[in-house]
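Protein chains: 2
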Amino acid sequence: MVTTAERVLAGDVRAASRLMRNIDDGDPSATPTLQELFPRTGRAYVVGITGSPGAGKSTLTNRLIAHYRRQGLKVGVLAVDPTSPFSGGAILGDRIRMQEHAVDDGVFIRSLATRGNLGGLSRATGDCIRVMDAMGLDVILVETVGVGQDEIDIAQMAHTTLVVVVPGMGDDIQAIKAGILEIADVFVVNKADRDGADRMVRELRSMLELRHAIKAPPMDHDAHHRMVIAKAHGTHREEEKGAGEWEPPILKVIASGDQGVDALVEQIGAHRGWLEQSGSRQARETARARMQFVAILRERLLASAIARLERERGQLDEVAGRIARGEADPYALADSLASQLTR
Amino acid sequence: MVTTAERVLAGDVRAASRLMRNIDDGDPSATPTLQELFPRTGRAYVVGITGSPGAGKSTLTNRLIAHYRRQGLKVGVLAVDPTSPFSGGAILGDRIRMQEHAVDDGVFIRSLATRGNLGGLSRATGDCIRVMDAMGLDVILVETVGVGQDEIDIAQMAHTTLVVVVPGMGDDIQAIKAGILEIADVFVVNKADRDGADRMVRELRSMLELRHAIKAPPMDHDAHHRMVIAKAHGTHREEEKGAGEWEPPILKVIASGDQGVDALVEQIGAHRGWLEQSGSRQARETARARMQFVAILRERLLASAIARLERERGQLDEVAGRIARGEADPYALADSLASQLTR
């Protein structure tokens, strides 16, 4: 009998789709297949595309698909939308816009809409990247909506992360906070024919300069604790710093008019080249693996802990009710469950 | 000797600030104080304010502070910014804008910038809300940037959640996805003097109607699993549905010109009244407690699991390196750690 994993490895779109749906649903039956696929992955190049809603990420993704297709590469697109409760992803959205590629069998587009899932979005994204990788896709574009912690986590799963901004979105550059600066390998100022595009470029440049000027905080007694935490979260990229800094380029693009997209593709290639030559590729792969592992671990732990809690103390809702009425101490309960892990 | 908890209960700003800084840092020394404060909380009314960057949330928060102060209420503001890596919160931001209230000792403003913290943002937010509650503040405004899963989690910690949108932010209502619809108790169309404000109101109204039209998906073998997960995450509000629906009002506001803010304060009061009268308040308190407990639990579990992993298998980075090289299986590792909890 042919296993699901074998079908996926052979590029079977229906098998891969079904598997990804199970991953999105948090169905534990996906795990053995993922374990079987795992050693056969690691070939695809993953590009993250993030930025605020309305920044034109889908249009840009569309253009990138077209460019990579012209190079003869097979392209996967994973549209991650944590705010949509409908399976199948965004309501009005990504799929419709990318319909021009729907009949191209060198393009595989899927949406993830995991929610209410105990932080399962990062885990599901990591797993789906693996599936697309196993299918033999050359480039995987991971598009995320929003600028929250989840999006930062997901950006850590990419080799190259594009941060897309548009002129005049906020009142100032409030929209581009420092956490975003840190994850950006390439900045895209989209809709660059709008007023304020040059100002946006200048502001981004000063923020990048500001970043260099900021010194590391002095070490104190909490420093180790914080560093362990930051490392676990994969937000720690200092291992790349020694190997010759990558200066994130800032590119003006008009995705709707296909202007500047060639230059963008070139810069993605340049970043890839830098990762290889500087020896940072390995550090980046480790960071990706760490992020994906932590995402899997976090979800498994919480599911197991809640199962145990419900066995010993009653349904989660009853426990929460007792906490709300001040009859149970949430800190003591959490510590008692977590202590099982340190024994 | 006077404990930190006693100081906080007496409204000591310095003690509360120090405690909140420790909470933000993930310093475990905060826990005993939180446990001591816990039974003394539950009086404050918590209003969440969320929306995309540039929607004018800080200006609106400012106006709300002024309105509540005129009613003689003590106001706390917690500005949550997951994208800022600098302790002290946003670089150019919230604090500066709220400076007009800086010398008013009936107003207590703090930023949270927790990051790289294993999903610690939700936990830190819940804990800081408790501290502000214990200080005797009457209304706590929790302002979040972004529209990711973390922001949805944090919204669950409020009694009333405002979703702030502005006309012309995205190309269409792409910016307001259904997950946001579900958490909104009141919609604020800010900068309502801009073109497209009425269209935005109409579009929001149709999305709300669409929501009513969408039927629940049929139950299948995974339904129970998914429901447990959704319940754990606190995204399950069906307990409120029976008690007479709350229809989220859509308000046009110009925060910068203080227009429409009275009506907004009134609607927040109306929602509060509805929570009480419909009996939904208790369900909402349970949902809040559940979200806060899950946030505490998630962080504790991951910290303990990583400590165990590092004791048994080497530093997380080494383990991640082995995963990246295909020498270790992340699913098996996660399951082996999680299995300690189900024994």
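If you read the protein sequences in the order shown, they are chains L and E. Per this note's numbering, residue 1367 is the first one in the first sequence, and the count goes up by one each step. Per this note's numbering, residue 1367 is the first one in the second sequence, and the count goes up by one each step. From the three backbone atoms N, C-alpha and C, an ideal C-beta is built for every residue, glycine too.
Check	Outcome
Short CB-CB distance (under 8 Å) between residue 1639 of chain L and chain E	no
Interfacial residues, the region 1405-1428 of chain L to chain E, with Cβ spacing under 7 Å	1405, 1408, 1418, 1419, 1420
Of the residues E:1413, E:1404, E:1655, E:1500, the one placed nearest residue 1549 of chain E, counting alpha carbons only	E:1413
Unbroken alpha helix (DSSP H) run spanning residue 1709 of chain E, endpoints	Run containing residue 1709 of chain E: none; DSSP gives neither H nor E here.
Same chain, Cβ closer than 7 Å to residue 1379 of chain L, neighbours up to 5 away in sequence not counted	1474
Beta-carbon gap between residue 1655 of chain L and residue 1690 of chain E smaller than 8 Å	yes
Chain L contact for residue 1491 of chain E (CB, 8 Å cutoff)	no
Per-residue burial, residue 1390 of chain E [other beta carbons within 10 Å of its own, 16 or more giving buried]	buried
For residue 1560 of chain E and residue 1532 of chain E, believed in contact at Cβ under 8 Å, the rounded distance	7 Å
Which of helix, strand or coil DSSP assigns to residue 1440 of chain L	coil
In DSSP terms, what residue 1618 of chain E is bridged to	E:1555
Residue 1470 of chain L to residue 1430 of chain L span [Cα, whole Å]	14 Å
Burial state of residue 1693 of chain L (16 or more Cβ within 10 Å)	exposed
Beta-carbon neighbours of residue 1401 of chain L, restricted to chain E and to distances below 8 Å	1695, 1697, 1698
Contact under 8 Å by Cβ, residue 1554 of chain E with residue 1630 of chain E	yes
Those residues which DSSP pairs with residue 1679 of chain E across a bridge	Answer by DSSP bridge pairing: none, since residue 1679 of chain E is not bridged.
Three-state class that DSSP yields for residue 1508 of chain L in the structure shown	strand
Proximal residues to residue 1618 of chain L (C-beta, below 7 Å), its chain only, five neighbours per side dropped	1555, 1558, 1563, 1567, 1626
Extent of the continuous beta strand (DSSP E) to which residue 1414 of chain E belongs	1411-1417
Buried or exposed (CB count within 10 angstroms, at least 16 for buried), residue 1594 of chain L	Because residue 1594 of chain L carries a pLDDT of 44, less than 50, the predicted location of this residue cannot be relied on, and the following value inherits that uncertainty. Counting Cβ neighbours within 10 Å, residue 1594 of chain L comes out buried, since at least 16 surround it.
Rounded distance between the beta-carbons of residue 1476 of chain E and residue 1444 of chain E, thought under 8 Å	6 Å
C-beta atoms of residue 1490 of chain L and residue 1508 of chain L nearer than 8 Å	no
Cβ of residue 1568 of chain L within 8 Å of any chain E Cβ	no
Contact the region 1421-1435 of chain E vs the region 1694-1702 of chain E: 3+ CB pairs below 8 Å	no
Residue 1667 of chain E versus residue 1632 of chain L - alpha carbon distance	43 Å
Inter-stretch contact (C-beta, 8 Å, three-pair minimum) for the region 1636-1643 of chain L and the region 1636-1656 of chain E	no
Residue 1570 of chain E beta carbon less than 8 Å from that of residue 1616 of chain E	yes
Span separating the alpha-carbon of residue 1529 of chain L from that of residue 1547 of chain L	8 Å
Beta-carbon gap between residue 1503 of chain E and residue 1441 of chain E smaller than 8 Å	yes
Contacts around residue 1672 of chain L, its chain only, beta-carbon distance under 7 Å, and the 5 residues preceding and following it disregarded	1682
Proximal residues of chain L, C-beta to C-beta of residue 1687 of chain E below 7 Å	1652
Beta carbon of residue 1377 of chain E nearer than 8 Å to that of residue 1501 of chain E	yes
Test: residue 1683 of chain L CB closer than 8 Å to a CB of chain E	yes
Spatial neighbours of residue 1399 of chain E in its chain, beta-carbon cut-off 8 Å, leaving aside the 5 residues before and after	1369, 1370, 1371, 1374, 1385
Alpha-carbon spacing of residue 1519 of chain L relative to residue 1679 of chain L, whole angstroms	33 Å
8 Å Cβ cutoff, residue 1662 of chain E in contact with chain L	yes
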